[in-house]
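Chemist: Take a look at this one; I'll ask things after.
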Amino acid sequence: MPRKKRYAPMNAVPAFMTFALEKIGENANVTEIVQGTQLSFRLFIHFTNGTTDMTVEIFTPANQTTIMILCPPIISYVGSNLQINPVIPVLESKSQTALFDRAVFNFGNVTNNMNDVTKAENSILQIDFNATMINPATSSSIKNQTFWVSAGAEYNNQNDIWVGQSMYIAKESDKQNVSGTPKFNLTGPSKIPIASSAKFRLDLNLPILTKKVKVDVFPPLNTSGVMSVCNLKVRDTGRNFACLPVDYIEGKLINSRVYNGNSKAHINMGDVVNSGIMSSVYDSNEDWISLQFAMNVFDDASLVGKQFWIGASVTMDTDFIWTGQYLVEIDAKVDISTTTPLTVSANVKTPIVKKTDLLSPNIYTYSDEEIRFIHRKYKNFKLICHSGGKFILNFFEPSFFSLKTGDNVACVSRDEPKYLTRAGETVPSYTRLDLGRVTNTGMMDGKKNQSTNVIKVQIVSTPLKKTAAQKYTVKTNVNYGKQKTLPKAYDVTVTSAPMTLPTNITPDYNVDYAQGSGSVLVGASTDLLVNVTFIPGSFFSNLNIESLAPTDSQGTKYTFCSIRAVHIGRNLPCIKDDDIKRNVKFVSSSDDNKYDQAFVNMTDLCVTREYPDEVDNRLSLLITVRMEDHPANSNNSKDWVTVGLYYNNKTILVFQNSLWTLRGQVADVVPGGTERVDVVEVSPVSSQPIGYVTGYNISIKIPPLSSISVIVNASTTSPSLQICTLKVIAVGSGLGCIVPEKDILEIPDSNMLKKAGINFGPVTNIGTDSVHDSYFFDKTTLLMQLVVKLADGVTATNPLEIQVKLGSQTPKVFPFNLKTTLNTTGITMTTQPLSNVTSFIGAITGNDTVPEIVKGQSKRVLTQFYVPADMVRKMKIETTLDPINQVEMSDYNVVYKGENLPCIDKGTKSVIESK
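The sequence shown begins at 2 in the working numbering and counts up one residue at a time.
Pasting the structure below:
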């Protein structure tokens, strides 16, 4: 029953469990509530003698929509007689947001030791909570309806239940439009050194009743590759937003599509309610919400002295947006030769499969290495782990959040660890993880929460099968500053007894289309998403994923183009992205370089229990398959692609997905689509010297979830201009079925090639990332390069035309005119002698490479040399026979040139003279 006055028990210790729910605060006597009304409650639990198991649940009205939200409840008082486990409530929301409407305290056993029975308060547990109405009560299902705020308790082995409730009537407020003018302020340092991080603050002053609030922050938008945003958090609020669950609002980082870093951080706060506006003691000074974020400046000396704008935006509902900028200057790198001491601790965990400190061969164990940082210091860090050749050592893949970083040290390098094998070893026993320069930005108050200053690295190790049964030491060194080291070590014991593996380890396995359906245009592609969700604590000696496509005597009908990991859960430290890449194998049944079979083989796979979410136990692979132009692939014909999971040499799970052939349709551009074509001269010069090379990068961007036929042509009518090559140099990860080695046009050797072209057919973007509206390379980009050269001639201008045709569109034409000059003063010619010049005997028949020669016999002498990148030089190759009139030179030609030397013409005629 609800009470309106202070709970006043008659006895210091009751004969039975006693409960009371009281309304407190300024609205204690209110029965009609409107949007923004905050209600305060206090739950009293008076314990009897002995031990009682106790679960407490607090909840606001349940309906099709959220009526009220709960502020996170707190335990405000514990009597001195009570032996109770400190617990944090589990907060839940039927809307799956941070708008909580249910809280559960699971106390377990609570004992009243009866030490002091003179006062009732010694045996009382007190919980305080607030509920705020967020619904405007404008609909008939809410307006003037009755709702209940409830608190309940379940105890005595769930045999007894108590429920207390308070009733309210929802009313539509006559102050629906009450609000002032929001204000925003973005602040931070005026300068940031390169290779360091800094914090910024965004303050929101919101004299509003309730709004849906979203916040975004950006590194400089006008220039890429300057900074990366590392995190975004709600730091604190004024009292009027005390119900905002700050600890439960997670910021989301958006990876850049054009550089290695994050191009945006986003927070969705949901419905933000100002509970002070409807109060009789409203204080506008408490209308603030403060957010903080960290930016990391890349280690690029060319940025020093330049100024850049950092951006932020705030969106409220659909009718308000604020944007702001903050100017910072990039400063020189900070000297880290003097560093403040820091602490390192190692926490050894039990083996993954069985709770024991003994390890059987190929059973993994792991430890946590904690590095604690001093406020506002810059440090250069490397973590080194070694085991004297007795263990295989693995770090979690940093790109999959193997590192747990505190808020103050969020800007940590995510480079992959290096696994090293020392002399005489066959497996890695020495591992290095470079954390780069770490800045403690002082995001949060380190005195209140030391975990904000900590980086935690998890180390996973397994003994080899031939390791002797004894105790071993795994050593780690944290190297920081300049040649400063903090060592740590932990012991593990290897046993010869085999460890019993759990039998209930069958993973959850599913294969489906990543996007869209199985209807595919001939020449286009689709993606299959393979999800394998493992049981924590399981172990697999082997796990294989096998993909099979139908074929027949006329060739391959469907081609597997690529298999790549798109998600490796944090509980899967034994799976590394590089291992998956190395262990992918493609097979062609028709021997036509079109692969109808694809395999991924993994061994010794372990699943930890470190992280609680199901997604942390999941491995996701993306398999890209292309519909070939095969006679059997008629319009609307159907086939099946099989993907099987085979593990521990005995169990196989199989999925089949249908593929439908589409013919007679054009892979065309969607009207108003975001496709983009750019042609950029790589080495622009005002006049083109004879014999000099110029390149043109052709960037074609395909919108997500679309297929567009692509044809690229280049031509010239100049007798002096030579087209050397037209080739694919990079493919965005969204365009999985373009294989440059197979799709480039084979250009024949010729002194004067005037035309070159490639017809790609349908190019499919099977990804979901949008087109970045710039020339910068992203996941949607097909990047080609055209290389041309001016041969001997006197033509003053040399026209060159590049055409790109997308679908049925009129070709996009890019004309260029190259002016001829004999002046090469603007070009730096290399005069240093070539290095690595070698000559050797090449076999003509069999393996005849000996230097001896008999009369009438021919020998093949090869000269080989390397031309470094970006080198420009004049070259003339000359060979002289000595003595003369005894050996005849019958042929002298270029027989091989590297792909990066496209304008060396293998068809050039040599001059052979006689002295």
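C-beta atoms are modelled at their ideal positions from N, C-alpha and C, and glycine is treated no differently.
This structure is a prediction, so every number in the text was calculated from the model and none was measured.
Pick helix, strand or coil for methionine 11, following the three-state DSSP scheme.
Modeler: Coil at methionine 11, not helix or strand.
Chemist: In this structure, does DSSP put serine 281 in helix, strand or coil?
Modeler: The answer is coil: DSSP assigns serine 281 none of H, G, I, E or B.
Chemist: Is it true that the CB of valine 642 sits closer than 8 Å to the CB of leucine 660?
Modeler: Against a cut-off of 8 Å, the Cβ pair of valine 642 and leucine 660 comes out as a contact.
Chemist: For arginine 571 and leucine 902, I'd like the C-alpha separation in whole angstroms.
Modeler: C-alpha separation (whole angstroms): 44 Å.
Chemist: From which residue to which residue does the beta strand (DSSP E) around arginine 583 run?
Modeler: Taken as a continuous stretch (DSSP letters only), arginine 583 belongs to no beta strand (DSSP E), being part of the alpha helix (DSSP H) at 578–583.
Chemist: Using a Cβ-Cβ cut-off of 8 Å (strictly less than) and excluding sequence neighbours within five positions of valine 671, which residues of its own chain qualify?
Modeler: So the qualifying residues of the chain are Pro704, Ser707.
Chemist: Report all residues from its chain with a CB closer than 6 Å to the CB of asparagine 206; omit the five preceding and five following residues, and keep chain order.
Modeler: Lys184, Asp288, Trp289.
Chemist: Mind checking whether tyrosine 893 and threonine 880 have CB atoms under 8 Å apart?
Modeler: For tyrosine 893 and threonine 880, yes; Cβs fall inside 8 Å.
Chemist: Threshold first: 4 residues or longer. Then list the alpha helix (DSSP H) segments lying entirely within the segment 529–599, N to C.
Modeler: Segments of the alpha helix (DSSP H) lying fully in the segment 529–599: 578–583.
Chemist: Could you tell me which residues DSSP puts in a beta bridge with isoleucine 703?
Modeler: BP columns for isoleucine 703 are empty, so no partner.
Chemist: Would you mind listing the beta strand (DSSP E) stretches within the segment 47–118 that are 3+ residues and don't spill past its ends, in chain order?
Modeler: Entirely contained in the segment 47–118, the beta strand (DSSP E) runs reaching 3 residues are, in chain order, 51–60, 69–71, 75–79, 91–93, 103–113.
Chemist: What does a CB cutoff of less than 6 Å around threonine 562 pick up in its chain, not counting 5 residues either side in sequence?
Modeler: In the sequence as displayed, the identity of residue 562 is cysteine instead of threonine. Around cysteine 562: Thr625, Arg627, Gly737, Cys738.
Chemist: Using the three-state DSSP reduction, which class does asparagine 241 fall into: helix, strand or coil?
Modeler: Asparagine 241 falls in the helix class under three-state DSSP.
Chemist: Are valine 681 and cysteine 725 close, meaning C-beta to C-beta below 8 Å?
Modeler: In this structure, cysteine 725 does not lie closer than 8 Å to valine 681 by Cβ.
Chemist: Tell me, to the nearest whole angstrom, how far the beta carbon of asparagine 545 is from that of valine 588; I am working on the premise that it is less than 8 Å.
Modeler: Actually they do not touch by this definition, with Cβ atoms about 13 Å apart.
Chemist: Could you name the residues of the same chain whose beta carbon sits closer than 7 Å to that of tyrosine 897, not counting the 5 residues immediately before and after it, in chain order?
Modeler: The answer is none, since no qualifying residue turns up.
Chemist: Would you kindly work out how many angstroms separate the C-alpha atoms of glutamate 93 and isoleucine 135, rounded to a whole number?
Modeler: Going by the C-alpha atoms only, they are around 17 Å apart.
Chemist: Nearest-angstrom Cα distance between serine 96 and isoleucine 209?
Modeler: Rounded to whole angstroms, serine 96 to isoleucine 209 spans 23 Å at the Cα level.
Chemist: Under 8 Å, with one C-beta from each stretch per pair, do the segment 143–154 and the segment 107–122 reach the 3-pair mark?
Modeler: No, the segment 143–154 does not touch the segment 107–122.
Chemist: Can you give me the Cβ contacts of lysine 144 inside the same chain, cut-off strictly under 8 Å, excluding the 5 residues immediately before and after it?
Modeler: Same-chain partners within the cutoff: Ala138, Ala171, Lys172, Glu173.
Chemist: In the DSSP output, what is phenylalanine 201 paired with across the bridge?
Modeler: Partner(s): Phe294.
Chemist: Within 10 angstroms of its Cβ, does leucine 222 collect 16 or more other Cβ (buried), or is it exposed?
Modeler: So leucine 222 ends up on the exposed side.
Chemist: Check for me: the beta strand (DSSP E) holding asparagine 760 runs from which residue to which?
Modeler: Element bounds for asparagine 760: 756–766.
Chemist: Can you say whether valine 282 is buried or exposed, counting buried as having 16 or more other CB atoms within 10 angstroms of its CB?
Modeler: The residue is exposed, with fewer than 16 neighbouring Cβ atoms inside 10 Å.
Chemist: Would you report the Cα separation of aspartate 849 and valine 888, rounded to the nearest angstrom?
Modeler: Taking the straight line from one Cα to the other gives about 18 Å.
Chemist: Can you tell me whether valine 678 is helix, strand or coil according to DSSP?
Modeler: Valine 678 falls in the strand class under three-state DSSP.
Chemist: Could you tell me the boundaries of the beta strand (DSSP E) in which leucine 882 lies?
Modeler: Premise fails: leucine 882 is in no beta strand (DSSP E) and is neither H nor E.
Chemist: Which residue's Cα is closest to the Cα of valine 838: Phe815, Gln858, Leu863, Leu254?
Modeler: Minimum Cα distance to valine 838 is reached at Leu863.
Chemist: First and last residue of the beta strand (DSSP E) that includes glutamate 802?
Modeler: Per DSSP, glutamate 802 belongs to the beta strand (DSSP E) from 798–807.
Chemist: Straight-line CA distance for arginine 861 to leucine 530?
Modeler: Rounded to whole angstroms, arginine 861 to leucine 530 spans 53 Å at the Cα level.
Chemist: Taking just the CA atoms, how far does threonine 133 sit from glutamine 36?
Modeler: The straight-line gap from Cα to Cα measures roughly 8 Å.
Chemist: Would you mind working out which of Ser77, Leu663, Ile569, Asn50 sits nearest valine 118, comparing C-alpha positions?
Modeler: When each option's Cα is compared against that of valine 118, the closest is Asn50.
Chemist: Using CA atoms only, rank isn't needed, just tell me which of Gly524, Lys476, Ser140, Val57 is closest to valine 493.
Modeler: The shortest C-alpha separation from valine 493 is found at Lys476.
Chemist: Between which residues of its own chain and serine 520 is the CB-CB distance below 7 Å, once the five residues before and five after are set aside?
Modeler: Excluding residues within five positions, the ones whose Cβ falls inside 7 Å are Trp661, Leu663.
Chemist: Note down the Cα distance separating isoleucine 25 from glycine 189, rounded to an integer number of angstroms.
Modeler: Cα to Cα, isoleucine 25 sits roughly 41 Å from glycine 189.
Chemist: Please say whether alanine 313 and aspartate 217 have beta carbons closer to each other than 8 Å?
Modeler: Cβ atoms of aspartate 217 and alanine 313: closer than 8 Å.
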